[in-house]
Amino acid sequence: MLQDMTVQNQCAVGVYLGGKNLRVGRVRNNIVEASLALEIDNHNSEEVILKEIMEAIDQVFNEDVGGIGIGVPSLVDVSKGIVYNVEHMPSWREVHLGDLLSDRYKVGVYVNNDANCFAIGEKYFGKAKKFANVVGVVAGIGLGCGVITNNHLYSGTNCGAGEFGCIPYRDHNYEHYCTTQYFETKYGLKPDVLFRRAKKDDKIALAILEQFGFDFGQAIKTILYAYDPECIVIGGSISRFFPYFEEFMWKVVRKFQYEKTVEKLKIEVSEQPDIAVLGAAALYYDAISK
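When you read off a place in the sequence shown, starting at 1, and then add 1, the result is the number in the numbering used here.
The following block contains the structure:
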């Protein structure tokens, strides 16, 4: 089981690769005991970026490490550890990341997309610890979701489970209406500006977030119909707006067809600052607990 401490006593390295941002940490006993974060040139060649990742892992890797987990913003062949078309990294079209790292470090390497890492990270280290069936929603510039079923990560056949952002909604899709791009494309407002105005009880800002809550609530209902989770955890930059749209989101969610589902549902906001690294490391814990 995920909460078996004999699993989390194991030492793992978590790697988060997000465009220019590279974060690496060694995880054991629920804490990141060694870490580093650096900015890389995401337009470099595949080989140069790989070298930077390995050099970063070298700084936290030791003989205690049993496995390496890696989260990337891309489509992943989970069984082979291959990443395809990594966002904001033009040279990374098809990289056999799992094999390259396992050959170097001689441990198991587990690769998945960043939204799936968020979900399994919340299951191990965050708000979803108590629940067996969870959906993690990462909403920022984009909208990604990770799915936990019966205590384990479910990636789907092609690592596409949970791509709710791509589901058509109104004249676009959920990603258009449920991310920060909505504020800019619809209202011409940068998220930081909108946030400051909302904190000052600006009526226009609050009205924008009321409409946002309605659309986000519709996305939550779609998640409920698809996966019927016990808990939904929200992360990403949208989460800081949650107090301003929560009420309106729930007004929509409470109209869900199955009343008992809503009564049991928990919707939480992530509060784990190291979730990127912890979520990647949790890929290893999930694998060895099966």
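No residue lacks a Cβ here, since even glycine has one placed at the ideal position from N, Cα and C.
Practice task
With a cut-off of 8 Å on the beta carbons, I'd call Val253 and Lys222 a contact; round off their distance for me.
Solution key: 7 Å
Exercise for the section: Apply the 10 Å Cβ neighbour rule to Cys146 and answer buried if 16 or more other Cβ atoms are within range, or exposed otherwise. Expected result: buried
Handout entry: Rounded C-alpha distance that separates Cys167 from Ala220
Key = 11 Å
Practice task
Rounded to whole angstroms, what's the CA-CA distance from Phe196 to Glu248? Just pull it up for me.
Solution key: 17 Å
Practice task
Work out the CA separation of Val14 and Tyr259 for me, nearest whole Å.
Solution key: 41 Å
Problem - DSSP state of Pro169 mapped onto helix, strand, coil - result: strand
Handout entry: Gly26 and Pro74 closer than 7 Å at C-beta
Key = no
Handout entry: Beta-carbon gap between Gly236 and Phe119 smaller than 7 Å
Key = yes
Exercise for the section: Kindly list the residues whose CB is nearer than 8 Å to the CB of Asn10, restricted to its own chain and excluding five residues on each side of it in sequence; keep chain order. Expected result: Arg29, Asn30
Handout entry: Simplified DSSP state of Leu266, which is helix, strand or coil
Key = coil
Handout entry: Range of the contiguous beta strand (DSSP E) that encloses Tyr300
Key = As displayed, the chain neither begins before 2 nor continues past 291, which places residue 300 out of reach and without an answer.
Handout entry: Top-ranked residue by Cα proximity to His44, from Gly82, Asp65, Met90
Key = Met90
Problem - Identity of the residue in Asp216, Val263, Tyr188, Phe217 nearest Ile205 by Cα - result: Tyr188
Practice task
Starting from Asn22, follow its DSSP beta bridges and name the residues at the other end.
Solution key: Gly19, Glu40
Problem - Which of helix, strand or coil DSSP assigns to Arg198 - result: helix
Exercise for the section: May I ask you to report which of helix, strand or coil DSSP gives Val79? Expected result: coil
Practice task
Please check the pair Lys124 and Val135, which I expect to be a contact at CB under 8 Å, by giving their CB distance rounded to whole angstroms.
Solution key: 6 Å
Exercise for the section: Taking Tyr285 as part of the beta strand (DSSP E), name the residues at either end of that continuous run. Expected result: Tyr285 -> not in any beta strand (DSSP E); alpha helix (DSSP H) instead, spanning 276 to 289.
Handout entry: Cutoff 6 Å; reference Glu53; Cβ partners in own chain excluding five residues on either side
Key = Ile41
Exercise for the section: Helix, strand or coil for Glu247, going by three-state DSSP, please let me know. Expected result: helix
Exercise for the section: Consult DSSP for Gln4 and reduce its assignment to one of helix, strand or coil. Expected result: Unreliable placement is indicated for Gln4, whose pLDDT of 47 sits below 50; no coordinate value is reported for it.
Practice task
In the DSSP assignment, find the beta strand (DSSP E) that holds Tyr155 and state where it starts and stops.
Solution key: 153 to 155
Problem - Of the residues Asp78, Gly72, Pro244, Asn114, the one placed nearest Ala199, counting alpha carbons only - result: Pro244
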